[in-house]
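Here my numbering is used: position 53 in the sequence shown is 53, and no number is missing along the way. Step one of this worksheet: look at the structure below.
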Amino acid sequence: MTRSPPRILFATVILTLLSGAAGAQVGPREEIPFVPTPLEVIDHMLDLAAVKKGDVVYDLGSGDGRVVIRAAQKYHARAVGIEMDSALIDKARQDARAAGVSHLVRFRREDAMKVDLSRATVVTLYMLPWFNEAMKPRFKKYLKPGARIVAHDFGIEGWPPDVTLKLAEPEKKTGGYLHYHTLYLWRIGKER
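This is the structure we're talking about:
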């Protein structure tokens, strides 16, 4: 029986995803692709973190800046995007100007694994599992009690979240396939 290349590719992708879900280890500096978070999911992330005016939101791997811009637009919070891709930073800065929030936001070309998070009251991230786990020491070192972390789709191994929220994306936006987004919230306190 001959298999067509699309079926082989599909099977390979499924097996790769399943092996990742089963706990396969990923190299510590694997490139993290830019995957934009839908606006509806961003709103849920920021609501879950209970962002308010006076908060300082850090988005690690901020991509085109949509989380940072939304935090400033919706909550009048100060926000900082940490990103390595200069083209994405340029786009984020343009979009912040167009949205009228450039006075509330900053975008920095910086390695998120080395950033000082001591000013952050909220940290958002949509990164791979190895990255989230590698950030635990930095979260413990820099985040003060009361700070919140919200992760999209990938948790932090060894840190049970305070809240898990599963969102279904409308099928009309996904070409008829049901797609879920999982959000995780951690509140920093004495035990973390």
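We put the CB at the ideal spot given by N, CA and C, even for glycine.
Original post:
Buried or exposed: where does residue 164 fall if 16 or more other Cβ atoms within 10 Å of its Cβ makes it buried?
Top reply: Mapped onto the sequence shown, residue 164 falls at position 164. Exposed, since its Cβ has fewer than 16 Cβ neighbours within 10 Å.
Subject >> Three-state secondary structure assigned by DSSP to residue 179 >> reply: Here the question's residue 179 lines up with position 179 in the sequence shown. The answer is strand: DSSP assigns residue 179 an E or B state.
Subject >> Under 9 Å between C-beta atoms of residue 66 and residue 33 >> reply: Working through the sequence shown from its first residue, we reach residue 66 at position 66. Working through the sequence shown from its first residue, we reach residue 33 at position 33. No, they are not a contact pair.
Original post:
Roughly how far, in whole angstroms, is the beta-carbon of residue 151 from the beta-carbon of residue 184, given that I think they are within contact range, below 8 Å?
Top reply: Indexing the sequence shown from 1 puts residue 151 at position 151. Indexing the sequence shown from 1 puts residue 184 at position 184. Going by Cβ atoms, the distance from residue 151 to residue 184 rounds to 5 Å, so yes, they are a contact pair.
Subject >> Helix, strand or coil at residue 82 according to DSSP, with G and I counted as helix >> reply: Along the sequence shown, one-based indexing puts residue 82 at 82. Correct three-state label for residue 82: strand.
Subject >> Element boundaries [alpha helix (DSSP H), containing residue 72] >> reply: Looking up residue 72 in the sequence shown gives position 72. Its alpha helix (DSSP H) spans residues 66-75.
Original post:
Could you give the C-beta distance for residue 107 and residue 62, rounded to a whole number, given that I count them as a contact under 8 Å?
Top reply: Residue 107 sits at position 107 when you count from the first residue of the sequence shown. Residue 62 sits at position 62 when you count from the first residue of the sequence shown. Yes, they are in contact, since the Cβ atoms of residue 107 and residue 62 sit about 7 Å apart, within 8 Å.
Subject >> Host alpha helix (DSSP H) of residue 168 (start-end) >> reply: Taking the sequence shown and counting its residues from 1, the one referred to as residue 168 is at position 168. Here residue 168 belongs to no alpha helix (DSSP H); instead the beta strand (DSSP E) covers 163-169.
Subject >> Member of 76, 147 and 178 whose CA lies at the smallest distance from the CA of residue 186 >> reply: Here residue 186 refers to the residue found at position 186 when the sequence shown is read from its first residue. Cα-wise, what sits closest to residue 186 is 147.
**OP:** Kindly indicate which residue of 103, 188 and 64 has the alpha-carbon position closest to the one of residue 87.
**Re:** Here residue 87 refers to the residue found at position 87 when the sequence shown is read from its first residue. For residue 87, the nearest C-alpha among the options comes from 64.
Subject >> Candidates 72, 127 and 41: closest to residue 156 by CA position >> reply: Position 156 of the sequence shown, counted from the start, is the residue given in the question as residue 156. Among 72, 127 and 41, the Cα nearest to that of residue 156 is on 127.
Original post:
Which runs of the alpha helix (DSSP H), 4 residues or longer, sit entirely within the region 26-64?
Top reply: 39-48
Subject >> Beta-carbon separation (whole angstroms), residue 250 vs residue 73, contact threshold 8 Å >> reply: Past the boundaries of the shown model lies residue 250; the chain is included only from 1 to 192, so the question cannot be answered.
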